[in-house]
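Chemist: I'd like to ask some things about the structure below.
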Ligand code: G3P
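In mature numbering (1 follows the signal peptide of the UniProt record, and there is no 0), the protein residues as written are -23 to -1, 1 to 306.
Structure follows, in structure tokens:
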């Protein structure tokens, strides 16, 4: 009997001393991204981290790893799916897991940032992501803009024919490869982190990126001709591992959900201003920004819409998704 009491006292003592230690420990959440500091993706991840840490009074230690620090995009998406890390930020790379995700960046679809914003806060987002969590093991928590893509080239581009045959970097995503093909370009698929070296070494003649990337990587120093094509709005999202997410206590899950929504809204608000600042920086840095003619724009629209056949072939609700965007014009 004495020994039992001793054992119980010992357990109580251990429990008593362990409980506060456990409560004091923070739960680490790692988020990986591909873009450098100061870009909307990284700003969005950092804001999310701040809101979660504030909202849970420091229960979670949210650590942000931008700029491909945890590997290039395909590598860190795989790590998030396996639960090696808890979260990541990326874009339509997730289309390789679930083809509808590529439709987040349907070329020539949105008239303006505002149009896209409404669609992403509405039915279009829901239709695109329906079934994604079950297929991927990830939950898409939000959608925020990195900006409209424009061409940057070493040589001036005055019309659509000037794009033909150019070795243009494209993300390794079928939609982008197809768009380059529609324009008669020689698309060179490569991860984002490899672009500066490819420009330096002359293995590409240019590429297309949002202003945020063009400025962060100073692409205009090597490829100074920027054609304001605006053909694709880049949309990135925060993704979270389903097992981790589903095990969060409901009150914490709500903080995570709210933080994701709030950080995305912050980025939408910054987007137009970011574009203006980037134009100033490109002009000051010696870049030459030109507006395509109406004929050039019409050719881009035709090429962009030419890629939509990919969606009709691979996404069962593609028509419904495209139709849903019209109500937000
Ligand atoms: O959303 C996909 C997009 O991020 C791919 O473009 O240039 O960032 O690799 P990039």
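All C-beta atoms in this analysis are idealised placements derived from N, C-alpha and C, irrespective of residue type, glycine included.
I'd like the ranges of any alpha helix (DSSP H) spanning at least 4 consecutive residues and lying wholly in the segment 39 to 68.
Modeler: Runs of the alpha helix (DSSP H) inside the segment 39 to 68: 50 to 59.
Chemist: Ignoring anything shorter than 4 residues, give me the alpha helix (DSSP H) runs that lie fully in the segment 108 to 154, in order along the chain.
Modeler: Counting only runs of 4 or more, we get 109 to 113.
Chemist: Assign residue 4 to one of two classes, buried (16 or more other C-beta atoms within 10 Å of its C-beta) or exposed (fewer than that).
Modeler: As a working mapping, residue 4 is identified with position 27 in the chain shown. Residue 4 comes out exposed.
Chemist: Could you give the uninterrupted runs of the beta strand (DSSP E) lying entirely in the segment 195 to 236, keeping only those of 3 residues or more?
Modeler: Those beta strand (DSSP E) runs which fall completely within the segment 195 to 236 and span 3+ residues are 202 to 204 and 210 to 218.
Chemist: Taking C-alpha atoms, which residue in 33, 76 and 86 lies nearest to residue 150?
Modeler: Numbered from its first residue, the chain shown carries residue 150 at position 173. Measuring from the Cα of residue 150, the nearest candidate turns out to be 76.
Chemist: By how many angstroms is the C-alpha of residue 98 removed from the C-alpha of residue 304?
Modeler: Sequence index remark: in the chain shown, residue 304 carries index 327 (1-based). Sequence index remark: in the chain shown, residue 98 carries index 121 (1-based). Between residue 304 and residue 98, the C-alpha separation is close to 12 Å.
Chemist: Let me confirm a value: residue 257 is counted as buried when at least 16 other C-beta atoms fall within 10 Å, else exposed. Which label applies?
Modeler: As a position in the chain shown, residue 257 is number 280, starting the count at 1. Label assigned to residue 257: exposed.
Chemist: Among the candidates 142, 119, 134 and 154, whose CA atom is the shortest distance from the CA of residue 241?
Modeler: Position 264 of the chain shown, counted from the start, is the residue given in the question as residue 241. When only C-alpha atoms are compared, the closest one is 119.
Chemist: Taking 8 Å as the threshold (C-beta atoms), are residue 259 and residue 205 in contact?
Modeler: For this step, residue 205 is matched to residue 228 along the chain shown. For this step, residue 259 is matched to residue 282 along the chain shown. Cβ distance not < 8 Å, so residue 205 and residue 259 don't count as in contact.
Chemist: Under three-state DSSP, which class holds residue 186?
Modeler: Numbered from its first residue, the chain shown carries residue 186 at position 209. Residue 186: strand per DSSP, three-state reduction.
Chemist: Would a C-beta distance cut-off of 8 Å place residue 287 and residue 152 closer than the cut-off?
Modeler: For this step, residue 287 is matched to residue 310 along the chain shown. For this step, residue 152 is matched to residue 175 along the chain shown. Going by C-beta atoms, residue 287 is nearer than 8 Å to residue 152.
Chemist: Are residue 180 and residue 302 touching if we call contact CB-CB under 8 Å?
Modeler: For the purposes of this step, residue 180 is taken as residue 203 along the chain shown, with counting starting at 1. For the purposes of this step, residue 302 is taken as residue 325 along the chain shown, with counting starting at 1. Taking 8 Å as the Cβ cut-off, residue 180 and residue 302 do not qualify as a contacting pair.
Chemist: Under three-state DSSP, which class holds residue 72?
Modeler: As a working mapping, residue 72 is identified with position 95 in the chain shown. It is helical.
Chemist: For residue 251 and residue 190, what's the separation of their Cα atoms in angstroms?
Modeler: Here residue 251 refers to the residue found at position 274 when the chain shown is read from its first residue. Here residue 190 refers to the residue found at position 213 when the chain shown is read from its first residue. The alpha-carbon atoms of residue 251 and residue 190 are separated by roughly 11 Å.
Chemist: Rounded to the nearest angstrom, what separates residue 155 and residue 164 at their Cα positions?
Modeler: Looking up residue 155 in the chain shown gives position 178. Looking up residue 164 in the chain shown gives position 187. Straight-line Cα distance between these residues: approximately 9 Å.
Chemist: Using the Cα positions of residue 298 and residue 2, report the straight-line distance between them to the nearest angstrom.
Modeler: For this step, residue 298 is matched to residue 321 along the chain shown. For this step, residue 2 is matched to residue 25 along the chain shown. So the alpha carbons of these two residues sit roughly 44 Å apart.
Chemist: Does any heavy atom of the ligand G3P sit closer than 7 Å to the C-beta of residue 68?
Modeler: Here the question's residue 68 lines up with position 91 in the chain shown. Result yes, Cβ under 7 Å from the ligand G3P.
Chemist: In whole angstroms, what is the alpha-carbon distance linking residue 158 and residue 74?
Modeler: Taking the chain shown and counting its residues from 1, one reaches residue 158 at position 181. Taking the chain shown and counting its residues from 1, one reaches residue 74 at position 97. About 23 Å.
Chemist: If you draw a straight line from the alpha carbon of residue 293 to that of residue 212, how long is it in whole angstroms?
Modeler: Locating residue 293 in the chain shown gives position 316, where the first residue counts as 1. Locating residue 212 in the chain shown gives position 235, where the first residue counts as 1. Roughly 21 Å separates the two Cα atoms.
Chemist: Classify residue 162: buried if its beta carbon has 16 or more other beta carbons within 10 angstroms, exposed otherwise.
Modeler: Position 185 of the chain shown, counting from 1, holds the residue named residue 162. Burial call: buried.
Chemist: Going by DSSP, what residues sit across from residue 166 in a beta bridge?
Modeler: In the chain shown, residue 166 corresponds to position 189, counting from 1. Answer is 147, bridged to residue 166.
Chemist: For a quick check, are the C-beta atoms of residue 187 and residue 126 less than 8 Å apart?
Modeler: Working through the chain shown from its first residue, we reach residue 187 at position 210. Working through the chain shown from its first residue, we reach residue 126 at position 149. For residue 187 and residue 126, yes; Cβs fall inside 8 Å.
Chemist: Need the endpoints of the alpha helix (DSSP H) that residue 298 sits in, please.
Modeler: Position 321 of the chain shown holds residue 298. Where residue 298 is concerned, the enclosing alpha helix (DSSP H) stretches over 295 to 303.
Chemist: What I want to know is whether the C-beta of residue 186 ends up closer than 7 Å to one or more non-hydrogen atoms of the ligand G3P.
Modeler: Locating residue 186 in the chain shown gives position 209, counting from the first residue. Result yes, Cβ under 7 Å from the ligand G3P.
Chemist: What does residue 9 pair with, by DSSP beta-bridge criteria?
Modeler: For the purposes of this step, residue 9 is identified with residue 32 of the chain shown, where counting begins at 1. According to DSSP, residue 9 bridges with 42 and 65.
Chemist: If you draw a straight line from the alpha carbon of residue 141 to that of residue 29, how long is it in whole angstroms?
Modeler: As a working note, residue 141 is residue 164 in the chain shown. As a working note, residue 29 is residue 52 in the chain shown. Each residue's alpha carbon lies about 47 Å from the other.
Chemist: Given that a residue counts as buried once 16 or more other Cβ atoms are within 10 Å of its Cβ, and exposed if not, what is residue 63?
Modeler: Reading the chain shown from its first residue, position 86 is the one you call residue 63. Residue 63 comes out buried.
Chemist: For the ligand G3P, is there any heavy atom lying closer than 7 Å to the beta carbon of residue 150?
Modeler: Taking the chain shown and counting its residues from 1, one reaches residue 150 at position 173. Yes, the Cβ of residue 150 comes within 7 Å of a heavy atom of the ligand G3P.
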